[in-house]
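S.K.: Sharing a structure with you now.
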Amino acid sequence: ISPYSYEFLLFTDKILHSLSANLQTINTGSFQKNSKILKFLKVYKRTSPITDTEIDRWSALYPTNPKLPEIASKRLPFHFFGQENPFSIINPELSASTVDIWLKIASVLKIPEDHLMIIAVKNTVLKYLKQHFSPHIVLHHDVKFVDMIDKMISKVKEPESSVACASWVANQMPSGGNKVAFASMAVDYAQQWYDQSAAPVIDVYKKLVCFKQQSAVENALHKNNLASDEILSLKQSPSQLIEHLIEELSLDIGQCVKACKAISEISDIIQPEIDLIKVIMKFILKWLNVTKGNTAASNLDESFFPLSPVNREWEDDDTDDRNLHRIINFLLSLPQSLFENLFKVLQS
Numbered sequence: 001i002s003p004y005s006y007e008f009l010l011f012t013d014k015i016l017h018s019l020s021a022n023l024q025t026i027n028t029g030s031f032q033k034n035s036k037i038l039k040f041l042k043v044y045k046r047t048s049p050i051t052d053t054e055i056d057r058w059s060a061l062y063p064t065n066p067k068l069p070e071i072a073s074k075r076l077p078f079h080f081f082g083q084e085n086p087f088s089i090i091n092p093e094l095s096a097s098t099v100d101i102w103l104k105i106a107s108v109l110k111i112p113e114d115h116l117m118i119i120a121v122k123n124t125v126l127k128y129l130k131q132h133f134s135p136h137i138v139l140h141h142d143v144k145f146v147d148m149i150d151k152m153i154s155k156v157k158e159p160e161s162s163v164a165c166a167s168w169v170a171n172q173m174p175s176g177g178n179k180v181a182f183a184s185m186a187v188d189y190a191q192q193w194y195d196q197s198a199a200p201v202i203d204v205y206k207k208l209v210c211f212k213q214q215s216a217v218e219n220a221l222h223k224n225n226l227a228s229d230e231i232l233s234l235k236q237s238p239s240q241l242i243e244h245l246i247e248e249l250s251l252d253i254g255q256c257v258k259a260c261k262a263i264s265e266i267s268d269i270i271q272p273e274i275d276l277i278k279v280i281m282k283f284i285l286k287w288l289n290v291t292k293g294n295t296a297a298s299n300l301d302e303s304f305f306p307l308s309p310v311n312r313e314w315e316d317d318d319t320d321d322r323n324l325h326r327i328i329n330f331l332l333s334l335p336q337s338l339f340e341n342l343f344k345v346l347q348s
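Here it is as structure tokens:
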């Protein structure tokens, strides 16, 4: 009997049930299960392509007629559902649009609902990434897609599984808005797991918070066109990253504008880990104090090297000019909110 001929299989099932005299020799539970599966498959429309496993099985069953019937493109092979592991047929079918249908028969198939949902999330994410591949960084998240995946993960009953699922999705995302959104989602699910469990999940939570922070910092760097390999390598240490941006990019006004926007955004991301005004003041005072420090050094040099051919006053003047240039660029580039806070500190 063809595994795609549901009608004939159901007819056979009815005939067997009508043989009431022999029911004691038949596994009634098995027949009830098969009947429910067949009725489900009859109304379900296949969404995945025919698998190699399916073709091989058909060829083994029908060596004289190795070509699958056309109806196989619309129906799933029933005989796979009688096995202990029907996942090779079921898993490709699971998606955001079909998973709710499969959940209705999960108990009959004796498959955990969480498994169905997690595989559906995986398939949906991989399909999305394939369809929306871009060589460019997309800074804003896809609201519709993120919300859809969030609703799916929210139906996963085991907190640990929902955290693992959200973390997996976040790790699949390229740098950009979606990665930040899913990293934040993973932290939210970890918080729920932590609130519901006495298990030591704090380490998992901390790692996800760190991952979320790094994803957001990386997105801020891409947003401001500062995502060089050297700068990205510092994303694990945001405080060091901020100081690097201030020190290295303050001489060029164009780069300084980008740096000031980036450090403002990064500061918001890592609050309250850093006092940005305090860091800015440290550099302004450093640049303002260069002259005083170099004067003492210059006097010392003159004592020991009176015949030095280098005109150190010119070096000092050049350093002073560069640092004055840094301060001017920095003050011109600061976002208004930061400038106002800095001005208050300078006044005091």
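Sequential numbering from 1 applies to the sequence shown in the UniProt record's numbering. We treat Cβ as the ideally placed atom computed from N, Cα and C, and that holds for glycine.
1) By DSSP's criteria, G176 is part of a beta bridge. Which residues make up the other side?
2) Just list the alpha helix (DSSP H) runs in the segment 103-157, keeping only unbroken ones of 4 residues or longer that don't cross its boundaries, in chain order.
3) Runs of 3 residues minimum, wholly inside the segment 232-281: which ones carry the beta strand (DSSP E) assignment?
4) Give me the Cα-Cα distance between E93 and A120, rounded to the nearest whole angstrom.
5) My assumption, with CB atoms under 8 angstroms, is that S175 sits in contact with N219. Please give the rounded CB distance.
6) Measure from the alpha carbon of L288 to the alpha carbon of each residue in A181, L338, S107 and D321, then state which is nearest.
7) Please report the residue range of the alpha helix (DSSP H) in which I202 lies.
8) Buried or exposed for S215, going by 16 or more other Cβ atoms inside 10 Å?
9) In three-state DSSP terms, what is L324?
10) How should K104 be labelled, buried or exposed, when 16 other C-beta atoms within 10 angstroms of its C-beta is the threshold for buried?
11) Using a Cβ distance threshold of 8 angstroms, determine whether the segment 176-189 contacts the segment 229-240, with at least three qualifying pairs required.
12) Buried or exposed, going by whether 16 or more other CB atoms sit within 10 Å of the CB of P238?
13) Could you tell me whether the segment 131-138 touches the segment 96-113, where touching means 3 or more Cβ pairs closer than 8 angstroms?
14) Leaving out the 5 sequence neighbours to the left and right, which residues in its chain are closer than 7 angstroms to Q191 when beta-carbon positions are compared?
15) Does DSSP put P92 in a helix, a strand or coil?
M.R.: Let me lay it out:
1) V138
2) 106-109, 113-131 and 143-153
3) none
4) 8 angstroms
5) 7 angstroms
6) D321
7) I202 to K223
8) buried
9) helix
10) exposed
11) no
12) buried
13) no
14) Y205
15) helix
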